[in-house]
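Everything in the sequence shown is counted per the numbering used here, starting at 66 for the first residue and increasing by one.
Report on one structure; see the data block that follows.
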Amino acid sequence: MRITLCVASCVAGALWLFPGSVAGQEAPRLHRLALAQARELARRSSPEIAAARHALAAAAGRERQAGAWPNPTIAYSREQTSRDGESSAQDIVSLEQPLEVGGQRGARRAAAGFARSAAEARVASAAAEVDLEVARTYAAAVAAGRRAILAEEAAGAFARAVRTSEARLASGDVSGYQNRRLALEAARYSAFRLEALVARDSALRTLISLTGLADSAGTAAPFELTDTLIPAPLTLSADSLAGLALSHRPELRARRLEANAGAADARLAAAERIPTPLVSAGYKHERPAGAGSLGGFVAGISLPLALWDRRGGAVSAARAEAARRSTEVEALERQTAREVGVAFTAHQALADQLALLSAQLGSSAATALQAAEVAHREGEIGLLEWLDSVRAYQEAEASYATLWAEYIARRAALERATGATLF
Numbered sequence: 066m067r068i069t070l071c072v073a074s075c076v077a078g079a080l081w082l083f084p085g086s087v088a089g090q091e092a093p094r095l096h097r098l099a100l101a102q103a104r105e106l107a108r109r110s111s112p113e114i115a116a117a118r119h120a121l122a123a124a125a126g127r128e129r130q131a132g133a134w135p136n137p138t139i140a141y142s143r144e145q146t147s148r149d150g151e152s153s154a155q156d157i158v159s160l161e162q163p164l165e166v167g168g169q170r171g172a173r174r175a176a177a178g179f180a181r182s183a184a185e186a187r188v189a190s191a192a193a194e195v196d197l198e199v200a201r202t203y204a205a206a207v208a209a210g211r212r213a214i215l216a217e218e219a220a221g222a223f224a225r226a227v228r229t230s231e232a233r234l235a236s237g238d239v240s241g242y243q244n245r246r247l248a249l250e251a252a253r254y255s256a257f258r259l260e261a262l263v264a265r266d267s268a269l270r271t272l273i274s275l276t277g278l279a280d281s282a283g284t285a286a287p288f289e290l291t292d293t294l295i296p297a298p299l300t301l302s303a304d305s306l307a308g309l310a311l312s313h314r315p316e317l318r319a320r321r322l323e324a325n326a327g328a329a330d331a332r333l334a335a336a337e338r339i340p341t342p343l344v345s346a347g348y349k350h351e352r353p354a355g356a357g358s359l360g361g362f363v364a365g366i367s368l369p370l371a372l373w374d375r376r377g378g379a380v381s382a383a384r385a386e387a388a389r390r391s392t393e394v395e396a397l398e399r400q401t402a403r404e405v406g407v408a409f410t411a412h413q414a415l416a417d418q419l420a421l422l423s424a425q426l427g428s429s430a431a432t433a434l435q436a437a438e439v440a441h442r443e444g445e446i447g448l449l450e451w452l453d454s455v456r457a458y459q460e461a462e463a464s465y466a467t468l469w470a471e472y473i474a475r476r477a478a479l480e481r482a483t484g485a486t487l488f
């Protein structure tokens with residue numbers, strides 16, 4: 066697969082974006098930026114990944130808390146009575162401890178553990194989303210740079226042609242109409258050049274923003290995009306990629322773990338219907354009227370009676386929530402299979418189109434365009450023939466750059482959907 070990248074154009078755009086270097090000053094050292102580096106920088110600066118990590122820390126704290134035992138309660142009571150001038154009193158100190166005998170603590174720990182694992186998968190999902198966006202933006206910046214180079218070349222060719230035409234007009238070799246037509250085309254391609262430069266600079270700014278370089282104090286020097294991004298052809302079939310996606314896609318793992326957490330919550334709700342007894346043990350000191358003091362051990366147990374609240378609504382809600390999460394897993398599995406199929410089909414179609422264009426473009430096409438420019442300058446071909454040559458070359462090369470960027474975006478989408486490494 067042929068691709069000619071726009072390193073020089075991207076460097077020029079970076080020089081405009083970072084105006085610390087001006088004419089007459091020593092050119093600053095270039096920062097080389099590969100796709101892997103851009104992704105790493107974006108992961109470090111991504112607020113979405115940071116938020117997912119905070120959610121993971123919160124889930125880990127809830128998991129730790131879910132394993133805690135209920136705290137005991139210490140109680141003190143004093144009873145004092147009197148009659149006919151005589152009094153009696155008793156003091157009781159006891160320690161009360163609830164005992165969860167229905168497996169509530171284990172169910173809480175299981176639900177919290179699944180939720181923590183799901184939060185880990187959400188972190189991976191956020192990182193995969195950032196990788197996808199960076200790959201798309203990187204490819205768009207490279208393609209925009211390539212189109213800017215093409216526009217620069219075309220504008221330069223027309224500028225040279227206008228100078229030649231004016232000289233030939235002065236000698237009477239061309240008509241005024243042909244000269245004006247050529248000047249109009251030169252102005253049109255100059256406008257195309259400006260549009261391409263604006264698009265290139267916008268793409269570079271977007272990439273800079275994603276990587277966090279715009280917020281860094283150490284980015285005064287320009288950079289160059291170094292990756293050619295020519296991935297090897299896919300060797301896996303659509304079914305194999307779908308299988309990878311169903312087993313490795315981070316969102317799907319997170320949904321499955323959340324469904325497991327929902328099932329554990331349903332078990333917890335059912336376990337909470339079992340009364341939790343409260344046992345107590347302590348010491349009692351009594352001073353009856355007209356007698357000495359007495360002391361001894363006291364023990365007790367209390368058991369809630371499920372007369373008014375039998376937790377039926379909570380159990381039904383937890384079971385319905387677990388069913389909803391399971392259904393969402395099934396829906397995401399179907400969506401994943403569809404996304405992989407669509408992305409694979411588009412990826413292969415783009416690969417075929419690029420292969421066809423690659424066979425027709427390259428150094429031979431550029432050489433043919435240069436020969437046409439020389440022939441027009443020497444008067445061997447007319448203006449319309451040369452214009453057709455320029456348009457055909459420009460449109461073909463620009464289409465190739467656009468298709469290539471879309472091809473990389475589709476490859477990144479497949480990587481995102483499957484959870485595999487495809488670059």
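Each residue gets a CB set at the ideal place from its N, CA and C atoms; glycine is no exception.
Under a Cβ-count criterion, where at least 16 other Cβ atoms within 10 Å of its own Cβ denotes burial, should W451 be classed as buried or exposed?
Counting the other Cβ atoms within 10 Å of the Cβ of W451 gives 16 or more, which makes it buried.
Answer yes if the segment 203-218 comes into contact with the segment 466-480, meaning at least three C-beta pairs across the two stretches below 8 Å, and no otherwise.
The segment 466-480 vs the segment 203-218: in contact.
Can you tell which of A264, F223, R338 has the C-alpha that lies nearest to the C-alpha of A248?
When the alpha-carbon of A248 is set against those of A264, F223, R338, the nearest one is in F223.
Tell me the DSSP secondary structure of D156 in three-state form.
In this structure, D156 counts as strand in the three-state DSSP scheme.
Reference P340, options E316, P369, P315, closest by Cα:
Considering only alpha carbons, the answer is P369.
Against chain B, does E194 count as a neighbour if the rule is that its beta carbon must be under 7 Å from one of theirs?
Looking at the structure shown, chain B is missing, and only one protein chain is on hand.
Given V158, which residues of its chain have a CB within under 6 Å of its CB, disregarding the five upstream and five downstream residues?
Around V158: Y141, G347, Y348.
For the ligand NAD, I want to know if L262 counts as a neighbour, meaning its beta carbon is within less than 6 Å of at least one of the ligand's heavy atoms.
Inclusion of the ligand NAD in the displayed structure is not the case, the ligand content being empty and no account of it being possible.
Could you check where the beta strand (DSSP E) with A346 kicks off and where it finishes?
Its beta strand (DSSP E) spans residues 343-352.
Out of W469, S110, S190, which one is the CA nearest neighbour of A411?
Here the closest residue by C-alpha is W469.
For the beta strand (DSSP E) holding G361, just list the boundary residues, first then last.
According to the DSSP assignment, G361 belongs to the beta strand (DSSP E) that extends over 359-367.
Just checking, does the segment 182-193 make contact with the segment 105-125 on the three C-beta pairs under 8 Å criterion?
Short answer: they touch.
Going by C-alpha distance, which of A402, A482, A101, V380 is nearest T202?
Measuring from the Cα of T202, the nearest candidate turns out to be A101.
So, helix, strand or coil for T138, using DSSP?
Note: T138 maps to strand in three-state DSSP.
Going by the beta-carbon positions, is the gap between T483 and L309 smaller than 7 Å?
Yes, Cβ-Cβ distance for T483 and L309 is below 7 Å.
Uninterrupted alpha helix (DSSP H) stretches inside the segment 209-279 (no shorter than 4 residues):
Look at the segment 209-279 and you find these whole runs of alpha helix (DSSP H), each 4 residues long or longer: 241-276.
Which of the three DSSP states, helix, strand or coil, is assigned to S302?
Coil.
Can you grab the Cα-Cα spacing for the pair A226 / V407, in whole Å?
Whole-angstrom Cα-Cα distance: 46 Å.
Report the three-state DSSP secondary structure of P315 (helix, strand or coil).
It is helical.
Bounding residues of the alpha helix (DSSP H) (the contiguous stretch that carries R399):
That run of the alpha helix (DSSP H) goes 377-425.
Using the C-alpha atoms, what's the distance from P296 back to A107?
CA-CA distance, A107 to P296, rounds to 21 Å.
With DSSP as the reference, identify every bridge partner of L98, one or two as the case may be.
Answer is L290, bridged to L98.
Where E337 sits in the DSSP three-state scheme:
Residue state for E337 is assigned as coil, using DSSP reduced to three classes.
Same chain only: Cβ atoms within 6 Å of R104, ignoring 5 sequence neighbours per side
D196, V199.
Looking only at its own chain, which residues have a Cβ that is under 8 Å from the Cβ of P353, when we skip the five neighbours before and after it?
Excluding residues up to 5 positions away in sequence, S153, L359 lie with their Cβ nearer than 8 Å to the Cβ of P353 in the same chain.
Can you name, in chain order, every residue of its own chain whose Cβ lies under 6 Å from the Cβ of D292, other than the five neighbours on each side?
For D292, where only same-chain residues beyond five positions count, the Cβ hits under 6 Å are A99, L100.
Thinking C-alpha only, which one of A252, T392, A177 is nearest G132?
Of A252, T392, A177, the residue nearest in Cα terms is A177.
If I measure Cβ to Cβ from R258 and keep anything under 8 Å in the same chain, skipping five residues before and after, which residues do I get?
Once the five neighbours on either side are set aside, the close Cβ partners of R258 are A213, A216, E217, A219, A220.
Does DSSP put S147 in a helix, a strand or coil?
In the three-state reduction of the DSSP assignment, S147 falls in the strand class, which pools E and B.
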